[in-house]
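What follows is a short report on a single structure.
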Amino acid sequence: KQEVTQIPAALSVPEGENLVLNCSFTDSAIYNLQWFRQDPGKGLTSLLLIQSSQREQTSGRLNASLDKSSGRSTLYIAASQPGDSATYLCAVSPSGNTPLVFGKGTRLSVIA
Amino acid sequence: DAGITQSPRHKVTETGTPVTLRCHQTENHRYMYWYRQDPGHGLRLIHYSYGVKDTDKGEVSDGYSVSRSKTEDFLLTLESATSSQTSVYFCAISAMSSYEQYFGPGTRLTVT
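Note that the protein sequences, when read in sequence, are chains X and H. Mapping to this note's numbering: the first sequence position 10 is 11, numbers consecutive. Mapping to this note's numbering: the second sequence position 91 is 93, numbers consecutive.
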């Protein structure tokens with residue numbers, strides 16, 4: 002059974018710092034990996050999708066990498082801002098349209 | 003936001019009553035999912051659908067049923083609500099071109 006782990010569970014950093022969020026998964030047979038952002042009391046917003054054949058994806062200040070063989074992904078946030086404060090969730094899919102398996106998230110606080 | 007709406011957005015109901023949550027999408031996606039989100043457990047799959055009248059169970063399907071009589075609507079029914087079903091319920095779709103999943107705004111259900 003696929004398990005997804007996100008460490009740390011919570012992280013607090015000063016504004017402007019570059020930071021890395023970690024995601025690991027137990028079964029390397031994934032089709033894709035998706036990073037989401039969730040603000041308190043809100044839904045999930047998709048940030049980045051990495052196909053299993055890709056090594057990384059970038060969107061603005063965000064960069065996600067994937068090392069499928071070692072079962073790891075990282076989300077790099079450059080020059081963090083207070084508006085980046087949210088919970089970040091990692092999820093993997095065994096094949097294209099199968100349901101996602103989620104980690105429990107990392108709660109990020111960026112302090113001004 | 004992939005044109006996903008959920009109704010109701012908030013509901014309080016009593017133990018033993020039936021409850022139906024609705025997910026509506028406007029973009030004709032074939033795959034739709036119901037997840038629940040609980041503190042300490044993260045997001046878990048309840049049921050999903052891969053077409054009209056085609057559904058399958060997820061990790062936490064006990065006590066829930068689903069129906070999909072047309073492409074745009076996916077209904078989740080709690081036949082007899084229990085306090086353990088107090089949760090936030092999210093609907094999602096999978097985009098056919100990229101398999102990226104997009105989520106609705108959620109329904110907060112409280113069973114008293």
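Each residue gets a CB set at the ideal place from its N, CA and C atoms; glycine is no exception.
Which first and last residues belong to the beta strand (DSSP E) in which residue i is found?
i, result
"H12/H", "H12 to T15"
"H43/H", "No beta strand (DSSP E) holds H43/H; DSSP gives it neither H nor E."
"H26/H", "V21 to Q27"
"N30/H", "Taken as a continuous stretch (DSSP letters only), N30/H belongs to no beta strand (DSSP E), as it is neither H nor E."
"T75/X", "R73 to I78"
"P83/X", "That residue, P83/X, is in no beta strand (DSSP E); it is neither H nor E in DSSP."
"Q52/X", "L45 to Q52"
"V68/H", "Y66 to K72"
"V21/X", "L20 to F26"
"E57/X", "E57 to S60"
"D58/H", "D56 to K59"
"T112/H", "T109 to V113"
"V62/H", "Per DSSP, V62/H belongs to no beta strand (DSSP E) and is neither H nor E."
"P95/X", "Segment: none, P95/X is in no beta strand (DSSP E) and carries neither H nor E."
"I31/X", "No beta strand (DSSP E) holds I31/X; DSSP gives it neither H nor E."
Can you round the beta-carbon distance between residue i and residue j to whole angstroms, since I take them to be within the 8 angstroms contact cut?
i, j, result
"Q3/X", "V102/X", "5 angstroms"
"I51/X", "P95/X", "That pair is no contact at about 15 angstroms."
"V68/H", "L77/H", "6 angstroms"
"S25/X", "S70/X", "That belief does not hold up - the Cβ atoms of S25/X and S70/X are roughly 12 angstroms apart, past 8 angstroms."
"G44/X", "F92/H", "6 angstroms"
"K105/X", "A10/X", "7 angstroms"
"Q35/X", "S47/X", "6 angstroms"
"G84/X", "T27/X", "No, G84/X and T27/X are not in contact; Cβ-Cβ is about 33 angstroms, not under 8 angstroms."
"T19/H", "S85/H", "The Cβ separation is near 12 angstroms, so there is no contact."
Return the residue from the list the options that minimises the CA-CA distance to residue i.
i, options, result
"T99/X", "S29/X, Q7/X, A10/X and N33/X", "N33/X"
"P41/H", "S60/X, L20/X and R108/X", "R108/X"
"V93/X", "G106/H, R46/H, N30/H and E29/H", "R46/H"
"T114/H", "C93/H, G106/H, Q87/H and A94/H", "Q87/H"
"Y66/H", "I48/H, R110/H, Y52/H and T73/H", "I48/H"
"R70/H", "S51/H, D64/H and S85/H", "S51/H"
"S13/X", "A87/X, K43/X and S71/X", "A87/X"
"V54/H", "M98/H, K72/H and D64/H", "K72/H"
Please list, in chain order, all residues of the same chain as residue i whose beta carbon is under 6 angstroms from its beta carbon, the five residues on each side excluded.
i, result
"D75/H", "H26"
"V21/H", "T15, L80 and A83"
"L22/X", "L76, Y89 and T107"
"Q58/X", "L49, I51 and A65"
"T112/H", "V14 and T88"
"H108/H", "Reading off the sequence shown, one finds Gly at residue 108/H, where the question assumed His. So the list reads V90 and F92, once near-sequence residues are dropped."
Within its chain, find whatever has a CB closer than 7 angstroms to the CB of residue i; leave out the 5 residues flanking it on each side and keep chain order.
i, result
"S9/H", "R24"
"Q82/X", "E16 and V111"
"R56/X", "S66 and L67"
"A80/X", "G17, N19 and R62"
Only counting the same chain, and skipping five residues up and downstream in sequence, which positions put a Cβ closer than 8 angstroms to that of residue i?
i, result
"I95/H", "A4, I6, Q27, E29, H31, Y33, M34, Y35, Q103 and Y104"
At 9 angstroms on the CB atoms, spell out the chain B contacts of residue i, in chain order.
i, result
"Y52/H", "Note that chain B does not occur in the displayed structure, where the protein chains are X and H."
Quiz item: Are at least three pairs of beta-carbons, each pair with one atom in the stretch 5–21 of chain H and one in the stretch 57–71 of chain H, less than 8 angstroms apart?
Solution: no
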